Amino acid sequence: MSMTGNAVRAAHISLLALLALCGQALAQAGETQSKVTDPHFKIAPGYLKRSELPDSLVLLGPPPEKGSAALARDEEARQATLPLRNTERWKLAYTDADLAFPQAADNFSCAMGVRIDSKQTPRLHAMMLKTLSDFGLSTYGVKNRYNRVRPFVVHNEATCRADQEVILRSDGSYPSGHTAAGWGWALVFAQINPERADALLKRGIEFGQSRVICDAHWQSDVDAGRIMGAATVARLQTDATFLADLKAAKAEVKAAKAKPVSSTPECAAEAAALSAR
Numbered sequence: 000m001s002m003t004g005n006a007v008r009a010a011h012i013s014l015l016a017l018l019a020l021c022g023q024a025l026a027q028a029g030e031t032q033s034k035v036t037d038p039h040f041k042i043a044p045g046y047l048k049r050s051e052l053p054d055s056l057v058l059l060g061p062p063p064e065k066g067s068a069a070l071a072r073d074e075e076a077r078q079a080t081l082p083l084r085n086t087e088r089w090k091l092a093y094t095d096a097d098l099a100f101p102q103a104a105d106n107f108s109c110a111m112g113v114r115i116d117s118k119q120t121p122r123l124h125a126m127m128l129k130t131l132s133d134f135g136l137s138t139y140g141v142k143n144r145y146n147r148v149r150p151f152v153v154h155n156e157a158t159c160r161a162d163q164e165v166i167l168r169s170d171g172s173y174p175s176g177h178t179a180a181g182w183g184w185a186l187v188f189a190q191i192n193p194e195r196a197d198a199l200l201k202r203g204i205e206f207g208q209s210r211v212i213c214d215a216h217w218q219s220d221v222d223a224g225r226i227m228g229a230a231t232v233a234r235l236q237t238d239a240t241f242l243a244d245l246k247a248a249k250a251e252v253k254a255a256k257a258k259p260v261s262s263t264p265e266c267a268a269e270a271a272a273l274s275a276r
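Residue numbers (numbering that gives the first Met the number 0): 0 to 276.
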């Protein structure tokens, strides 16, 4: 059966309209993936291309819905942290919120048992910078799709970091990019220094919980951030450049651990803060 000229033209127009809609949808999807609000995740290029990162849109579901048991859990977790405001644990949440260097490296130096810096452990220090981008960027598919409102905005209260609140108001809460970075770092550090694995993983867990204590994230944001951090670490295990840096970082830490180091007041204060409940 043959088509008339008018029918052919109509079909052609319909096809063009469909292609235009598909192109618009793809552009919107690309924008969802590419928009990055938090400047911490653009400090240095990562190991992975954006197309190589784990896809949060595949790995995570949507954030808890209004009236759900999951949201009730988020509210309960938030309420449990309110007594920690203005305590030493609150102050630790303040420093954990700083992903700029050298503070980001200092946050994990006590757990590592070695000071992480550009002089003593330059390869490890550079790894932290590069992986920060990978961990943080892995969260932005879902973060931009749902643009979840943060708890301090919902409850009209302050966070532990007034200086960051302008950015936080426009950056989706779910999942937590800070948590993805902290948990991802902890997993990598445990590979580098397995003798300190428990301390490093504990620090990584508390790094994420600092986001709830700070009132910057809901508990479900933190839980989802850990998933993306772990997924990114799994992907990094197949990257040759990362693996070469991992080997070099192990040698740096081994050499640093061979030097006598005395306990510092900062590490004692951190341990005391982390013991607060």
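All C-beta atoms in this analysis are idealised placements derived from N, C-alpha and C, irrespective of residue type, glycine included.
Every value quoted in this text rests on a predicted model; they were computed, and no experiment measured them.
Buried or exposed by the 16-neighbour rule on C-beta atoms within 10 Å, applied to residue i
{"i": "HIS216", "result": "buried"}
{"i": "GLN218", "result": "buried"}
{"i": "ILE115", "result": "buried"}
{"i": "LYS118", "result": "exposed"}
{"i": "ARG168", "result": "exposed"}
{"i": "LYS129", "result": "buried"}
{"i": "SER137", "result": "buried"}
{"i": "ASN192", "result": "buried"}
{"i": "ASN106", "result": "buried"}
{"i": "GLN102", "result": "exposed"}
{"i": "HIS177", "result": "buried"}
{"i": "ALA288", "result": "Since the first residue shown for the chain is 0 and the last is 276, residue 288 is missing from the structure and cannot be characterised."}
{"i": "GLU64", "result": "exposed"}
Any C-beta of chain C under 8 Å from that of residue i
{"i": "THR130", "result": "In the displayed structure, chain C is absent; only one protein chain is listed."}
Euclidean distance between Cα positions of residue i and residue j
{"i": "LEU309", "j": "LYS90", "result": "Outside the displayed span of the chain (0 to 276) sits residue 309, for which this structure offers no information."}
{"i": "ARG88", "j": "ARG210", "result": "11 Å"}
{"i": "LEU245", "j": "ALA79", "result": "38 Å"}
{"i": "LEU15", "j": "ARG144", "result": "Note that LEU15 has pLDDT 36, beneath the 50 cutoff, so the model's placement of it is unreliable and the number below is only indicative. C-alpha separation (whole angstroms): 27 Å."}
{"i": "ALA161", "j": "PHE151", "result": "11 Å"}
{"i": "ALA28", "j": "ALA104", "result": "Per-residue confidence for ALA28 stands at a pLDDT of 39, beneath the threshold of 50, marking its modelled position as unreliable; no derived number is given."}
{"i": "THR237", "j": "ALA71", "result": "39 Å"}
{"i": "GLN163", "j": "PRO38", "result": "11 Å"}
{"i": "ALA110", "j": "ALA198", "result": "5 Å"}
{"i": "LEU98", "j": "LEU59", "result": "24 Å"}
{"i": "ALA271", "j": "PRO264", "result": "11 Å"}
{"i": "LEU81", "j": "ASP222", "result": "19 Å"}
{"i": "GLY280", "j": "ILE166", "result": "As shown, the chain starts at 0 and ends at 276. That puts residue 280 outside it, with no answer to give."}
{"i": "VAL35", "j": "LYS48", "result": "14 Å"}
{"i": "MET127", "j": "ALA69", "result": "33 Å"}
Beta-carbon gap between residue i and residue j smaller than 8 Å
{"i": "GLY171", "j": "LYS142", "result": "yes"}
{"i": "ALA189", "j": "ALA179", "result": "no"}
{"i": "LYS201", "j": "VAL113", "result": "no"}
{"i": "LYS41", "j": "SER175", "result": "no"}
{"i": "ARG149", "j": "PRO62", "result": "no"}
{"i": "THR311", "j": "TYR46", "result": "Outside the displayed span of the chain (0 to 276) sits residue 311, for which this structure offers no information."}
{"i": "ALA275", "j": "THR158", "result": "no"}
{"i": "VAL232", "j": "LEU186", "result": "yes"}
{"i": "GLU251", "j": "LEU83", "result": "no"}
{"i": "CYS213", "j": "ALA76", "result": "no"}
For the 8 Å Cβ check, are there 3 or more pairs between the stretch 47 to 61 and the stretch 219 to 234? yes
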